[in-house]
Amino acid sequence: MDAPGYWDPMPEARRVVAAWTGEPNPPSIGEGRWEELNWRNVPGPFYAGETDTCLSGPLAAPANVLGDEDGTEFVFRQPRDPAEVTAVLRAAWDEVLGGYAWDGDTRWTPEGVRAWWSQAARVRAWAAGFSARIAAASSSASAPPASSPPSALSSSGALDASQLPAVRAYEASFDGELPAYLRAYVFFLSEGRAPRPGELLPDL
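Sequential numbering of the sequence shown, starting at 1395, is according to the numbering used here.
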């Protein structure tokens, strides 16, 4: 990994997709629209706009992809190694609506990353609340009455216990790896390369 804190996943991503498709310069991994960016999506090259609610993404890439209350997917951690790149690509390819994209490096700006981080309290609060709701749903032994109308949450499976480790990891990242990653990503966007050891990283 390029020190301190940023590894560019795009060369590996293009290599993998080229091998899958036979196209030397694959243009995209989906039809995700920047205008539909899920506000929970961590800045970086990969992101999701409008997706289906099948939650296939968290199954394919549990270390990188989550579904929100409606089952809409987003990237909560950008890929950190080739294995995670492949996992995120599979999540994108399995997504029925083609809601993923990998052009985030041309969309995010240093100012945009800082603006996202300025709303970190909102994202962290969402993650904490969602984690608590999943835990409560998982520990509840009583099923809803048969006469109760189904909710979007129960029908989408967004409160599935399998998402709990990832939601907790997302919440913890705000006091852990995420600030350093974002500072290094701002450097990458500004300089066009990963920071070298000892180089001063920009503030958020």
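All residues carry an ideal CB built from backbone N, CA and C; glycine is no exception. Since this is a predicted model, take the numbers as computed values, not measurements.
Q | Beta-carbon contacts of R1358 that lie in its chain and below 7 Å, excluding the five residues immediately before and after | A | The structure shown does not extend to residue 1358, since the chain spans only 1395 to 1598, so no value can be given for it.
Q) Given a threshold of 16 other Cβ atoms within 10 Å of its Cβ, counted over all protein chains shown, does S1542 qualify as buried or as exposed? A) Per-residue confidence for S1542 stands at a pLDDT of 41, beneath the threshold of 50, marking its modelled position as unreliable; the derived number appears in the next sentence. Looking at its Cβ environment, which holds fewer than 16 other Cβ atoms inside 10 Å, S1542 is exposed.
Q | Whole-angstrom distance between W1502 and A1574, CA atom to CA atom | A | Going from the Cα of A1574 to the Cα of W1502 covers about 17 Å.
Q) Can you round the beta-carbon distance between V1459 and V1482 to whole angstroms, since I take them to be within the 8 Å contact cut? A) Their Cβ separation, rounded to whole angstroms, is 7 Å, which keeps V1459 and V1482 in contact under 8 Å.
**Q.** Segments assigned beta strand (DSSP E), at least 3 residues, entirely inside the stretch 1456–1493
**A.** Qualifying beta strand (DSSP E) stretches, in chain order: 1459–1461 and 1467–1469.
Q: Determine the extent of the alpha helix (DSSP H) in which V1580 is found, giving its start and end residues.
A: Where V1580 is concerned, the enclosing alpha helix (DSSP H) stretches over E1571 to E1585.
Q) What's the C-alpha gap between V1580 and M1404? A) Approximately 16 Å between the Cα atoms of the pair.
Q | Residues bridged to Y1441 [DSSP beta-bridge criterion] | A | In the DSSP assignment, Y1441 forms a beta bridge with A1495.
**Q.** Three-state secondary structure assigned by DSSP to R1427
**A.** R1427 falls in the coil class under three-state DSSP.
(Q) Restricting to Cα atoms, I'd like to know which of A1486, A1457, R1471 and A1531 is closest to C1448. (A) Closest by alpha carbon: A1486.
Q: Give the straight-line distance between the Cα atoms of G1498 and A1530, rounded to the nearest whole angstrom.
A: Distance from the CA atom of G1498 to the CA atom of A1530, rounded to whole angstroms, is 35 Å.
Q: Could you give the DSSP three-state label for R1590: helix, strand or coil?
A: Coil, per DSSP.
(Q) Are the CB atoms of A1509 and R1484 within a distance shorter than 8 Å? (A) No, these two residues do not count as a Cβ contact at 8 Å.
**Q.** alpha helix (DSSP H) segment containing L1558, residue limits
**A.** Here the alpha helix (DSSP H) through L1558 covers L1558 to S1567.
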